[in-house]
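Heads up, the thing below is written out as structure tokens.
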RNA sequence: GGGUUCGUAGCUCAGUUGGUUAGAGCGUCACAUUGACAUUGUGAAGGUCAGAGGUUCAACUCCUCUCGGACCCACCA
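Residue numbers (our numbering): 4 to 917.
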């Protein structure tokens, strides 16, 4: 047996161990089957990794996701399932493009996109993305992630591109994707549209201006954005508002509003207008507000776009304003209103400003021609495994998304997120999928240059072809007229491709691919709750539609990793804990444990360096437990030999182990990784190290070493999903044939068999209690550690043999007992302190302070008496006897008799003292 | 405005369908320490389970309200 080093130094082993795993090929389930590690006919277990963005480096969010998923994957692999964990990265369109622009600007290129042009700029982005991918992929390895690298995917690689184009075409052909001129969220900085959920709200205080359009206009309105008023086409009032009733339907013409355009304002009624807010009248700007746009559609108002894609005023805002920024325009119009005595009030009011979630630039809602996925458009369902939706049935994307979760085919953990999910879907609007950026999947639509880009018409008008062509393959010529074509310059929302992730990584569009057949639907989707809508919901949408099946059976949502004060980690706060630094300092296993234990689904967790350091200590503890066991003289073949317990402690620890296996299985299967880890830690540190190991030092049975060795091996297996490196390192030291990675998970059965064959008692807990009582008495009476004492133990007949058999343990386990007498008749000892545990009485003959001892006894009596009284009262309650289950009543009775016995003894002792 | 969630020892949290004299880790205090481990051992102190009602034989656990915090959603101009 090799000797382990004194302390575990992760840095020495981790990279080597990962290399060993990776080179074995066992991260790939096919190799496991091929080499006979996993049976051919076993079950499948699959997870696709939420692809990290290629914008940066590994952070704690990634680390927590990798730790949880790797724990699951390793558990299932060791349980003999064909386990696949697919790695990949996400091109993160806007985020990546923005980052590269920034880098290029820092390098001195003032306007990267214009200066370089599409092609050159894109090659810069690609270069960056590739480097970034390499970095993050290697950092995943550092975390010990047992990902099947042979199946690595990238959202923008050729295979995924094909999947994207195929799905786009399918949706387009079925009328679920359409191009339309609608109001969209526009980020003037990104120069692109955003989806509804990419808009964030920031509370800020704003000026609210109350004004009239003109002196003649009969009443005033309020606004926080005066510059948009140049595009007003109506004023809305509540139909019940008496003040304005008479104006409804009237049209007012305002000449040269704000020194700019002429306005035609129609007074309309809308129940959504709050009578009590402001003046009770709302200026309607259809082009720059979603709500106003809806009103405009209802009331057939014209839509005047006064702000353009650069955030500047358009020609329609009038020549005085055209070209000004919105901010400048606001100043100018307020000034105009003021000098013309149209401005009545200027108040400060809290306001929710909508900003871009990537760059925090204020969003400008404006009308634009874009591509949309229509979530409420009916279509005929293809082959379907979705509960409640049959093949050929008419349905909508919204209904599909609801059915998959409502029917119980997908379970969200924790369950409460169901509600949020349904609520979100209920309020879901069409998804704007086109983005005006360059990095991403280019929309696979080609326009005939002969045509004038009209939508969805296949006719030839005036000998001009006006059809747009959707093609999975790149095309050069219009199939209708043979003319030249031009591809749409926009790209797709990054979440479009991420939405396909579970199946685009498994072979789609080849529906016969082995991976797709075997590993899809995936078993679990593990991700942060913050992307439930962005991503999880989109995957459900895409997969149910494209495959008629669910993408995954479970959704496990983890929370955010926060700093020790509960704040978000951010560069500006300087409170970022970098996982790679922590790995370097404390080892990967410590980092993983700190992220797995004390972390529950759906809840944020707090992390501190101290916590990680604590788990480093534990890692070292485990190492040393092994170091000790391996230093023992045990039979190499212990694993194959039948273990026979010889002592109470033997049976006890084997039973504990049996229990542990049961609990760890239960908790992992139920996604309680934290609890599983806590139980493992408790067993390892308390039961095994502090008790069994200590006790074993004073046993001289041949068997104890074999038992230790036997348990050690299974314990390493149980720990492996949580702390793969240290466990595998030790495993390699004990030179087993198989790697721990593919070793068989411990079975309760093997322990049951051993225990069932023994007639030994297992009540080692009593011995523990006796030992603790003695230690306690020593400490309380300040008996110096070096002082050996004499103990007399009265053990009633039912436990007499047991206690006698453990005499040497009681004497040696840090009790400082030199001479221990055990007898089954009650001793009478003067000048001794006595404590009783479970009917066993322990007398320590030491010189004691009688007053102090009396005080102690008195204190104990006064805590035990009310307890007994409470129990007696409970038991005399007829309702309790009548209603409570029998076992509970019995339990309470027993408690009472034990308490009474204890009090009796305490009182006796007290009497003896005085 | 709607919704979700949390409030248990100084700190971080467990507490599985109501039945424990309410638990752990860290921290604190006292003691120990040359062979597995100071990245250690032993022991102790510390909680009216936010507050008030209610349901029940029984409430940390279920219901209602109050107080305090977090988050998500929403077009209040």
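By construction, the Cβ of each residue, glycine as well, lies at the ideal position given by its N, Cα and C atoms.
Everything numeric in this text was worked out from a predicted model, so none of it was measured.
Out of 673, 368, 100 and 91, state which residue places its alpha-carbon closest to the alpha-carbon of residue 155.
Taking the Cα of residue 155 as reference, the smallest distance to any Cα among 673, 368, 100 and 91 is reached at 91.
Is the beta carbon of residue 713 closer than 8 Å to that of residue 815?
Their beta carbons are not under 8 Å apart, which means residue 815 does not touch residue 713 by this criterion.
Can you find the residues in the same chain that come closer than 6 Å, C-beta to C-beta, to residue 579, ignoring five residues on each side of it along the sequence?
Same-chain partners within the cutoff: 572.
At 3 residues or longer, and completely inside the stretch 272-350: list those beta strand (DSSP E) runs for me, N to C.
If we require 3 residues or more, the beta strand (DSSP E) runs fully inside the stretch 272-350 come out as 284-287.
Looking only at its own chain, which residues have a Cβ that is under 6 Å from the Cβ of residue 459, when we skip the five neighbours before and after it?
Low local confidence applies: a pLDDT of 42 at residue 459 is under 50, so the model's placement there is unreliable, with the coordinate-based value given in what follows. Shown here for residue 459: not one same chain residue has a beta carbon closer than 6 Å to its own, the five before and five after excluded.
The alpha helix (DSSP H) with residue 619 in it runs from where to where?
Start and end: 612-634.
Residue 655 - DSSP class collapsed to helix/strand/coil
Helix.
Identify, in the order they occur along the chain, each residue of the same chain with its Cβ nearer than 7 Å to the Cβ of residue 405, setting aside the five sequence neighbours on each side.
Taken in chain order, the residues that qualify are 425 and 428.
On the DSSP bridge list, what partners appear for residue 207?
Residue 207 has 354 as its beta-bridge partners, per DSSP.
What ranges does the beta strand (DSSP E) occupy inside the stretch 219-255, keeping only unbroken runs of at least 3 residues that lie completely in it?
With a minimum length of 3 residues, the unbroken runs of beta strand (DSSP E) contained wholly in the stretch 219-255 fall at 224-226 and 237-240.
Pick helix, strand or coil for residue 94, following the three-state DSSP scheme.
Looking at residue 94 - three-state DSSP - the assignment turns out to be coil, as it is neither helix nor strand.
Can you tell me whether residue 407 is buried or exposed, with buried defined as 16 or more other CB within 10 angstroms of its CB?
Its Cβ being crowded by 16 or more others within 10 Å, residue 407 is buried.
Alpha-carbon spacing of residue 185 relative to residue 403, whole angstroms:
Straight-line Cα distance between these residues: approximately 25 Å.
Are the Cβ atoms of residue 81 and residue 564 separated by less than 8 Å?
The answer is no: Cβ separation not under 8 Å.
Would you check if the distance between the CB atom of residue 792 and the CB atom of residue 821 is smaller than 8 Å?
Yes, the pair counts as a contact, with Cβ atoms nearer than the cut-off.
Does the contact criterion of 3 or more C-beta pairs under 8 Å hold for the stretch 604-618 versus the stretch 586-593?
Yes, the stretch 604-618 touches the stretch 586-593.
Which residues in the same chain have their Cβ closer than 6 Å to the Cβ of residue 920, if we skip the five residues on either side of it in sequence?
Not covered by the structure: residue 920. The range shown for the chain is 4 to 917.
At least three beta-carbon pairs within less than 8 Å, the stretch 15-23 to the stretch 112-121
With the cut-off at 8 Å, the stretch 15-23 and the stretch 112-121 do not touch.
Limits of the unbroken beta strand (DSSP E) element including residue 794
Run containing residue 794: 792-797, per the beta strand (DSSP E) assignment.
Per DSSP, residue 449 forms a beta bridge with which residues?
DSSP lists 472 and 490 as the beta-bridge partner residues of residue 449.
For my contact list, residue 145 and residue 586 are in at a C-beta cut-off of 8 Å; report their separation, rounded to the angstrom.
Rounded, the Cβ-Cβ distance is 6 Å, consistent with contact.
Among 612, 878, 545 and 440, which one has its Cα closest to the Cα of residue 97?
Measuring from the Cα of residue 97, the nearest candidate turns out to be 440.
Would you list the residues sitting across from residue 188 in a DSSP beta bridge?
Residue 188 is bridged to 197 and 368.
If you run the structure through DSSP and keep just helix, strand and coil, what is residue 897?
Residue 897 falls in the helix class under three-state DSSP.
Given a cut-off of 8 Å, decide if residue 360 and residue 233 are closer than it, judged by their beta-carbon atoms.
No, they are not a contact pair.
For the beta strand (DSSP E) containing residue 688, list its first residue and its last residue.
Residue 688: not part of any beta strand (DSSP E); DSSP gives it neither H nor E.
Would residue 196 and residue 373 qualify as a contact pair, given that the criterion is a beta-carbon distance under 8 Å?
Their beta carbons are under 8 Å apart, which means residue 196 touches residue 373 by this criterion.
Quick one: is residue 853 buried, meaning 16 or more other Cβ sit within 10 Å of its Cβ, or exposed?
Residue 853 is exposed by the Cβ-count criterion.
Neighbourhood of residue 771 by C-beta distance below 7 Å, restricted to the same chain and skipping five residues each side:
Cβ neighbours of residue 771 within its own chain (closer than 7 Å, five residues either side excluded): 694.
Select from 503, 689, 332 and 633 the residue whose C-alpha is nearest the C-alpha of residue 710.
Ranked by Cα distance from residue 710, the options 503, 689, 332 and 633 are led by 633.
Please classify residue 525 as buried or exposed, where buried requires at least 16 neighbouring CB atoms within 10 angstroms.
Around the C-beta of residue 525, 16 or more other C-beta atoms lie within 10 Å, and the residue is accordingly described as buried.
Bounding residues of the beta strand (DSSP E) (the contiguous stretch that carries residue 826):
First-last of the beta strand (DSSP E) with residue 826: 820-826.
Can you find the residues in the same chain that come closer than 8 Å, C-beta to C-beta, to residue 106, ignoring five residues on each side of it along the sequence?
131, listed in sequence order.
Taking residue 304 and residue 269 to be in contact with their CB atoms under 8 Å, please state how far apart those CB atoms are, rounded to whole angstroms.
That belief holds up - the Cβ atoms of residue 304 and residue 269 are roughly 7 Å apart, short of 8 Å.
With DSSP as the reference, please indicate the residues paired to residue 748 in a beta bridge.
Looking at the DSSP assignment, residue 748 forms no beta bridge with any residue, so it has no partner.
Would you mind giving the Cβ-Cβ distance between residue 780 and residue 860, rounded to the nearest angstrom? I have them listed as a contact below 8 Å.
Not a contact, Cβ separation roughly 12 Å.
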